[in-house]
Amino acid sequence: MLHVENLTAAIGDKPILKGVDLDIGEGEVHAIMGPNGSGKSTFAHALAGRDGYEIGGVATLDGSDLLEMTPEQRAAAGVFMGFQYPVEIPGVNNMYFLRTALNSVRKARGETEVGARDFLAVAKQAMELVEMKQDFLDRAVNAGFSGGEKKRNEILQMAVMEPRLAVLDETDSGLDIDALRIIASGVNALRGPDRSMIVITHYQRLLDYIKPDFVHVLVNGKIVQSGDHTLALHLEDHGYADFVNHDLDDAPEKPLTGAPS
Amino acid sequence: MSEATREIEELTEASYEFGFSTDLDTDVAPPGLDEEIVRLISAKKDEPEWLLEWRLKAFEAWQAMEEPDWAKLDIMPIDYQAISYWAAPKQKPVLDSMDDVDPEIRDMFDKLGIPLHEQKMLSNVAVDAIVDSVSVTTTFKATLAEAGVIFCSFSEAVQDYPELVREHLGSVVPVRDNYFAALNSAVFSDGSFCYIPKGVRCPMELSTYFRINSQNTGQFERTLIVAEDDSHVSYLEGCTAPQRDENQLHAAVVELVAKDRAEIKYSTVQNWYPGDENGVGGIYNFVTKRGRAHADAKISWTQVETGSAITWKYPSVILQGDRAVGEFYSVALSSKRQQADTGTKMIHIGKDTTSSIISKGISAGNGQNTYRGLVKVMRSAENARNYTQCDSLLLGKDCGAHTIPYIEVKNPGAQIEHEASTSTVGEDQLYYCRQRGMTEEDAMSMIVNGFCREVFNELPMEFAVEAQRLLSVSLEGSVG
Amino acid sequence: MTIHPDPSSEARLGALDRIGEIGYPTKRDEAWRHAPHRALGELTFGPPVAPGIGVPAELDNQIPVLEGPRVVVVNGSVDASLSNLAGLDGLRLSSLAEVLAERPEQVAAHFEQGDSGIADVFVALNVAYGADGAVVQVADGVVLDVPIHIVDVGLPAAAQNATCTGVLIDIGVGSSATVIETRVGAGSEFGGSNIRTTIALADDSTLEHVLLQDVPSVQVHLSRVDVTQRAGSVFKARSFNLGAAYGRIAYNVQLAGTGAHADLSGLFFGFGDQTLDQQVNVVHAAAGCTSRQTYRGVLDEESTGVFNGGIDVRPGADGTDAVQSNDNLLLSDRAAINTQPRLEILADEVACKHGATVGQLDETALYYLRSRGIAADEARRLLINGFADQAVDDVGIETVRAWIIHRLGHDHA
């Protein structure tokens, strides 16, 4: 379904991804693990279409060239990105945002837009999935949300948008164990034969809850090893030391500008 | 004149039955301003002697005053002697159908979502719209009369309620208040008068009524609203539809008097022609708006300013009575070459008075947006409270945002808080929205409207929706 | 205004002409809105004259006593007997008169009028008559851990009641230093001091500049500090505006190099009929600079406080991060505060914030303290001290902090 071949990404003349190859089949869940600064988030953004990178190589979704598309076209094609640092948008109602997003995507696909009432039903279901109360939808997008609430909001959006490919970037960062459990069960409920997922994480912990079909280790902009979920357990015991070149000089990735610190 | 047109004209005349029309010969005074012109205006309007004296006093004051120096405004000098200060009200040409309306305007109407019958009224397309307007007017008139509310043109008020006008005219904005207020006082053409008797809650938003009837009120408009004890009124002026005018200078004065426990809510949507990309031909909008709030009274100003080449206005509240409340909610957008210098003054005199100010300035293109405000707490104002929040949003590299608040406090019991921030629409915010499938323009519009949310919430519902659209339309082409 | 001609150099002669062109400020000048215009007009300026009275023997009781380099300026002339001009490694400390005589090119910038000419009449007066004072020159790559103390003593003479002093501080590349400027005086005659400090911070240098204004309450004090910061430099200004009938401290900081940081904080604490005026303008002229302005005012009796603070972000100064706050306590029903925090933004990608508050002591906090057995007056004083002392905490040098606390009477509360 997703085909990535020799994908490179650079900021200015600084290379970050140095040729990533990855194929993901229908319904598969792939975990990408790696130390800080290895290029994990960049890989996610390269798939979602964030500006500011020099991109090379190939990335297709169901045969369509993702790299040619704007972020919104990719969203319409079925790419959903769960942000590591979900962005606050003051004054914009969460429900309104979500409905606009859903209808934008539906419109781009030539589908009919969803009316307010039908949408509410969809949203309610999604809220139960992440154990959110009604007032959650009435607040502004991510504004004043706790770390856990922001991440739950991402999964809520994913549930409503029903993507072909979900890319979850460090969805577990900054969560306590209860929030992690809620999010993982939300993600698991959304697994299905038509939906593939890329779960990006630094720690093995999340993978106790979301069992991946494949695990890839990304170090210094390249996938250095792939395997099944036992690879994650190996990393848990041995860390990344086995994979890290001693000349690892990439700076740690910074949060998006403007993200709450 | 065809039979059909005559009929329409008659209907049009009929629509003025309630006011907004004066029976004068069609004529235009020669350009220039002197005492004779002031006398002419007063005579044409058949005004009582006291009002002529009042105008002359204002004229004398104006002559002695200096034009303000435009701190943040880059302005072409105005030749006050080149303006004609008197023209009999003209009928706009009546159009047969919407097809005759400037396509650009029609396009704007559609974008704003203005209902067709109102589109027709706004563009002076006759037929059913006018008929509709007559019936609406008649209904309004009956409802208002039943409640004892007076709502009529200023000229009519001078004839029919001279004692009310005389008591309150200039009581909030004295003739020598500022250069433009003095000019307006000397030569004002017409405007509105509104009187809410004791204990009456005005049975309708005066907005809808006003919107249909307020066209062509002229260059020097004068509005006076008096709310007696325990009364309540909500008033909306202006309209989201684009307004063009051959007069470049507009200098209006609005006076509000809220007596004990009365409440006046005054909302403005201003979309005067801003000029072209180079700022040529835009309206200069210099307005003096002020209210006096007596004990336990509340005056609330809400404004959405997207038009005019230059906007200069500071709707203010004199919090005279104890426990009076003043509010100011503002969205001001400057794009193209527009310059907006706007804000408010809250003058705390009474005890336990409170004021709050929420100002949202948006600068795009080559626009310059200035918030200039004064919060003044007099010695007598025990326990005064003010909260001010000024946020500026910059869209682009060639625009500017200026925040210049003055806070002057002479009473130790006051609690004053001022917060301001300036930001841009974050790349990350746009990216987040686009990742969720929205186009860049939709995302921008959503984020900007979110920025203005607190102010839009203060507008009457149907205008809030239009104001949002207006903002989006005004920002078109500002993305990127 | 009475003016006596004298200046020798061309620049200073030019400034003399400029005085007449500019004229005295009026209430219509934003920066001088709340100044006592009549008193300003009664100041008489000229070349330095002998003091009307002698330097008080107990001068050291009036100022913080710091070991190390010190320049004492009395009525606009350096008093060598009270000063310690011995330099340290990497530090050259001189009197301005000496530098003007021997190597004037090193202080030319201080006297230049800029492209558009001097806009402030008191700067023009200072340029014309401020021919002596202190020159602090720190070489490249020097870290000075001893503070440099510059003391200005104003002793009005009958013939001429106002004095002008010039202070220049140059910090070399990568160096760091601390300079304390203390302004005091004596006598009960009307008079004024007009002191202009020019600071140049080279790349990656750091300066902590503490200004203690404590002239007699019958006098006028006018301080003006012009700062130019190059890339990566750090300027910390700490001002304590305490004395004078009208005490004015004005900063004009130019962030001219990428990544420079200006951190200005201050306290003004007024009694009697004092007017204490802070004028702060921080200009972001380069990208990626940060600035902080944190000012606190306490106004008691019939005093008036003024804060006019600006953040001015020029085109191209992207990535600016500027924050400004002014919090004020009014302790009397005859005191007043006028605060005007300005933002002027002409660049993209900026994050600027400002805030101002005016309030009185928190009743709940008072009640809380009293419920713990502290008497009302004592509780009140504790809270005022707590508010004011937050500005004192920003000062790096213990001796100076102790002096301020003592001066505010907070040590024997």
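Chains as they are written, first to last, in our numbering: chain H, 2 to 262; chain Z, 182 to 661; chain W, 516 to 928.
Every residue gets a Cβ at the ideal spot worked out from N, C-alpha and C, and that includes glycine.
In this text the structure is predicted, and so the values were computed from the model without any measurement.
Run of the beta strand (DSSP E) containing residue i, from where it starts to where it stops
{"i": "tryptophan 482 (chain Z)", "result": "479–486"}
{"i": "valine 828 (chain W)", "result": "819–828"}
{"i": "isoleucine 17 (chain H)", "result": "15–25"}
{"i": "glycine 542 (chain Z)", "result": "535–545"}
{"i": "methionine 297 (chain H)", "result": "The question about residue 297 (chain H) has no answer here: the residues shown for chain H are numbered 2 through 262."}
{"i": "alanine 871 (chain W)", "result": "866–874"}
{"i": "asparagine 365 (chain Z)", "result": "Premise fails: asparagine 365 (chain Z) lies in the alpha helix (DSSP H), 360–368, not in any beta strand (DSSP E)."}
{"i": "asparagine 7 (chain H)", "result": "3–12"}
{"i": "threonine 43 (chain H)", "result": "That residue, threonine 43 (chain H), is in no beta strand (DSSP E); its alpha helix (DSSP H) goes 41–49."}
{"i": "glutamate 418 (chain Z)", "result": "413–419"}
{"i": "aspartate 842 (chain W)", "result": "836–845"}
Run of the alpha helix (DSSP H) containing residue i, from where it starts to where it stops
{"i": "lysine 238 (chain Z)", "result": "230–245"}
{"i": "tyrosine 97 (chain H)", "result": "95–109"}
{"i": "glycine 1 (chain H)", "result": "The first residue shown for chain H is 2 and the last is 262, placing residue 1 (chain H) beyond what the model contains."}
{"i": "tryptophan 493 (chain Z)", "result": "Looking at the DSSP string, tryptophan 493 (chain Z) is not in any alpha helix (DSSP H); the run it does join, the beta strand (DSSP E), is 491–494."}
{"i": "lysine 542 (chain W)", "result": "Lysine 542 (chain W) -> no alpha helix (DSSP H), and no H or E assigned at all."}
{"i": "serine 524 (chain W)", "result": "Serine 524 (chain W) -> no alpha helix (DSSP H), and no H or E assigned at all."}
{"i": "arginine 357 (chain Z)", "result": "Neither: arginine 357 (chain Z) is in no alpha helix (DSSP H) and is coded neither H nor E."}
{"i": "serine 503 (chain W)", "result": "No information on residue 503 (chain W) is available, as it lies outside the stretch 516 to 928 that chain W covers here."}
{"i": "aspartate 902 (chain W)", "result": "The question names aspartate, yet the displayed sequence has phenylalanine at residue 902 (chain W). Segment 891–907, the alpha helix (DSSP H) holding phenylalanine 902 (chain W)."}
{"i": "tyrosine 883 (chain W)", "result": "878–886"}
{"i": "leucine 615 (chain W)", "result": "611–617"}
{"i": "phenylalanine 335 (chain Z)", "result": "335–341"}
{"i": "arginine 548 (chain W)", "result": "It is not in any alpha helix (DSSP H) - arginine 548 (chain W) carries neither H nor E in the DSSP assignment."}
Beta-bridge partners of residue i, as assigned by DSSP
{"i": "serine 604 (chain Z)", "result": "Z:Leu574"}
{"i": "glycine 524 (chain Z)", "result": "None, per the DSSP bridge assignment."}
{"i": "threonine 721 (chain W)", "result": "W:Ser691 and W:Val749"}
{"i": "serine 780 (chain W)", "result": "W:Arg753 and W:Thr809"}
{"i": "glutamine 549 (chain Z)", "result": "Z:Gln520 and Z:Gly581"}
{"i": "cysteine 383 (chain Z)", "result": "Beta-bridge pairing links cysteine 383 (chain Z) to no other residue."}
{"i": "valine 588 (chain W)", "result": "W:Val593 and W:Asp667"}
heavy atom of the ligand HEM below 6 angstroms from residue i C-beta
{"i": "arginine 711 (chain W)", "result": "The ligand HEM is not part of this structure, which contains no ligands at all."}
Positions along the stretch 580–612 of chain Z whose CB lies within less than 8 angstroms of some CB in chain H: Gly607, Glu608, Asp609, Gln610 and Tyr612
Entirely enclosed alpha helix (DSSP H) segments - the stretch 625–666 of chain W, minimum 4 residues: 636–644
Touching by the beta-carbon criterion (3+ pairs, under 8 angstroms), the stretch 861–869 of chain W and the stretch 828–844 of chain W: yes
Where the stretch 845–863 of chain W meets chain Z: residues whose CB sits under 7 angstroms from a CB there: Leu845, Leu846, Ser847, Asp848, Ala850, Ala851, Ile852, Asn853, Thr854, Gln855, Pro856, Arg857, Leu858, Glu859, Ile860, Leu861 and Asp863
Segment contact flag, the stretch 574–583 of chain W with the stretch 651–658 of chain W, C-beta cutoff 8 angstroms, min 3 pairs: no
Whole runs of the beta strand (DSSP E) within the stretch 668–715 of chain W, excluding any shorter than 3 residues: 677–686 and 691–700
Segments of 3+ residues assigned as beta strand (DSSP E) that fall wholly inside the stretch 424–480 of chain Z: 434–439, 444–451 and 465–474
Near-chain W residues of the stretch 226–258 of chain Z - C-beta to any C-beta below 8 angstroms: none
Three-pair Cβ contact test at 8 angstroms for the stretch 644–655 of chain W versus the stretch 598–606 of chain W: yes
Cβ-based contacts, 7 angstroms cut-off: residues of the stretch 868–892 of chain W near chain Z: Lys868, His869, Gly870, Ala871, Thr872, Val873, Gly874 and Gln875
Cβ contact check for the stretch 9–23 of chain H and the stretch 578–585 of chain Z: 3 or more pairs under 8 angstroms: no
Near-chain W residues of the stretch 477–508 of chain Z - C-beta to any C-beta below 8 angstroms: none
The stretch 527–541 of chain Z in contact with the stretch 554–562 of chain Z per 3-pair CB rule at 8 angstroms: yes
At least 3 beta-carbon pairs within less than 8 angstroms: the stretch 873–893 of chain W vs the stretch 619–636 of chain Z: no
Three or more C-beta pairs below 8 angstroms linking the stretch 32–39 of chain H and the stretch 53–63 of chain H: no
Contact list for the stretch 85–106 of chain H against chain Z, Cβ threshold 9 angstroms: Tyr86, Pro87, Val88, Glu89, Ile90, Pro91, Gly92, Val93, Asn94, Tyr97, Phe98, Leu99, Thr101, Ala102, Leu103, Asn104, Ser105 and Val106
Residues, ordered as in the chain, of the stretch 149–172 of chain H that lie near chain Z by beta-carbon distance below 9 angstroms: Gln158 and Met162
Cβ pair count under 8 angstroms reaching 3, the stretch 692–701 of chain W against the stretch 547–563 of chain W: no
Chain-ordered residues of the stretch 40–66 of chain H with a beta carbon less than 9 angstroms from chain Z: His46, Ala49, Gly50, Arg51, Asp52 and Gly53
Against chain Z: residues of the stretch 109–122 of chain H by CB proximity under 8 angstroms: Ala109
Chain-ordered residues of the stretch 526–540 of chain Z with a beta carbon less than 9 angstroms from chain W: none
The stretch 40–47 of chain H / the stretch 119–137 of chain H touching (three or more Cβ pairs under 8 angstroms): no
Three-pair Cβ contact test at 8 angstroms for the stretch 540–547 of chain Z versus the stretch 566–575 of chain Z: yes
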